[in-house]
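> My structure is below; once you've seen it, I'll send some questions.
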Amino acid sequence: MAGRVVRSFVQTAIKAVNSVVGLAGMAVILYALWMLRAWYREVAELHQRLRAPWFIYTFLGLGIFLCLLTCSGHIAAETANGHCLSCYMIIIFLLIILEGVITVDVFLNSNWEEDFPPDPSGKFNEFKDFMRSNFEICEWVGLTLVAAQVLSIILGMVLRTLGPDRESDYDSDDDTTVPARLPLLRNQSQHAPDYVEPSLSRRSDSWKLRILDKVN
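This is the structure:
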């Protein structure tokens with residue numbers, strides 16, 4: 007009973023922490039769609055064919071990836087399957103490493119902007135200006151996301167150690183075996199009226215013989 011309570015608590019905690027990543031993914035998608043709409047308006051006014059805005063599509067892909075990661079985390083937490091939890095934790099770990107590499111490159115490399123291709127939409131420069139003007143807010147948001155990802159890995163390891171709920175599986179097995187026995191009871195009830203006691207048949211035969219003797 008205690009193991010089931012701990013397991014349900016860990017599952018709920020993983021879903022709650024995972025929802026933070028999902029909210030961030032939805033916010034990134036909305037921001038990318040807004041930038042994409044503004045970009046197409048500018049292109050329509052210029053009447054020119056420009057290169058694809060890689061920054062906007064990268065932002066959109068990142069948001070979709072975070073939402074899919076949130077869905078997979080909810081599935082892994084609900085099923086408590088070891089393979090699903092392992093894949094989920096590995097993906098989050100690789101994402102944390104990628105975020106760390108980008109952060110180190112930005113802070114240690116003075117020419118980090120040269121590592122990225124030029125953005126024809128200009129949204130990349132706007133995003134940099136926004137980050138610099140609101141550095142403290144962006145820092146807290148980034149730390150919150152990283153903390154949520156690290157906590158998801160820790161809770162995933164705990165849930166993987168606990169394993170799935172075996173007691174519910176046993177209960178479901180009992181529920182499935184009971185209906186299988188019902189047809190046997192039905193067959194017995196159908197064959198029951200065909201059975202006639204030998205004593206009753208003998209009495210009926212003797213009674214018929216007496217009637218025939220009286221008639222004769």
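Numbers given in the working numbering equal positions in the sequence shown, counted from 1, plus 6.
Even for Gly, the Cβ is constructed at its ideal location relative to N, Cα and C.
(1) Residue range of the alpha helix (DSSP H) that Ser92 falls in?
(2) Quick one: measure Cβ to Cβ for Cys73 and Gly31, integer angstroms, because I've assumed they're closer than 8 Å.
(3) List the whole-angstrom C-beta distance separating Gly69 from Ala38, where the pair is believed to meet the contact cut-off of C-beta under 8 Å.
(4) Applying the criterion that 16 or more other CB atoms from any shown protein chain within 10 Å of the CB defines a buried residue, is Ile81 buried or exposed?
(5) Measure the CB-CB distance between Phe61 and Phe130 and report whether it falls below 8 Å.
(6) Give a yes or no on whether the C-beta atoms belonging to Val12 and Leu168 are separated by under 8 Å.
(7) Hey, quick one: how far does the alpha helix (DSSP H) through Trp118 stretch, first residue to last?
(8) Would you report the Cα separation of Met95 and Leu75, rounded to the nearest angstrom?
(9) To the nearest angstrom, how far is the alpha carbon of Leu157 from that of Val23?
(10) Where Arg166 and Lys21 are concerned, what is the direct C-alpha to C-alpha distance, given to the nearest angstrom?
(11) Determine the burial state of Leu161: buried for a count of at least 16 other Cβ atoms within 10 Å of its Cβ, exposed for fewer.
(12) Determine the contact status of Glu105 and Val152, defining contact as a CB-CB distance below 8 Å.
(13) Going by DSSP, what residue range makes up the alpha helix (DSSP H) through Asn131?
(14) Give me the Cβ distance between Pro59 and Asp125, rounded to the nearest whole Å; I'm assuming they're in contact under 8 Å.
(15) If you draw a straight line from the alpha carbon of Phe15 to that of Ile98, how long is it in whole angstroms?
(16) For Gly79 and Tyr46, I'd like the C-alpha separation in whole angstroms.
(17) With a threshold of 16 other CB atoms inside 10 Å of the CB of Gly28, please say whether the residue is buried or exposed.
Here's the rundown:
(1) Counting along the chain, the alpha helix (DSSP H) containing Ser92 begins and ends at 88-114.
(2) At roughly 4 Å, the Cβ-Cβ gap stays under 8 Å, so Cys73 and Gly31 are in contact.
(3) Contact between Gly69 and Ala38 holds: CB atoms are separated by about 6 Å, below the 8 Å threshold.
(4) Ile81 comes out exposed.
(5) Yes, the Cβ-Cβ distance between Phe61 and Phe130 is below 8 Å.
(6) Yes, they are a contact pair.
(7) For Trp118, no alpha helix (DSSP H) encloses it, and the DSSP letter there is neither H nor E.
(8) Between Met95 and Leu75, the C-alpha separation is close to 10 Å.
(9) Spanning the two alpha carbons is a distance of roughly 7 Å.
(10) Cα-Cα distance, rounded: 15 Å.
(11) So Leu161 counts as buried.
(12) Contact flag set, yes.
(13) Segment 129-139, the alpha helix (DSSP H) holding Asn131.
(14) The pair is a contact, with the Cβ atoms about 6 Å apart (cut-off 8 Å).
(15) Their Cα atoms are separated by approximately 21 Å.
(16) Across the structure, Gly79 and Tyr46 are spaced so that their CA atoms are roughly 34 Å apart.
(17) Classification for Gly28: buried.
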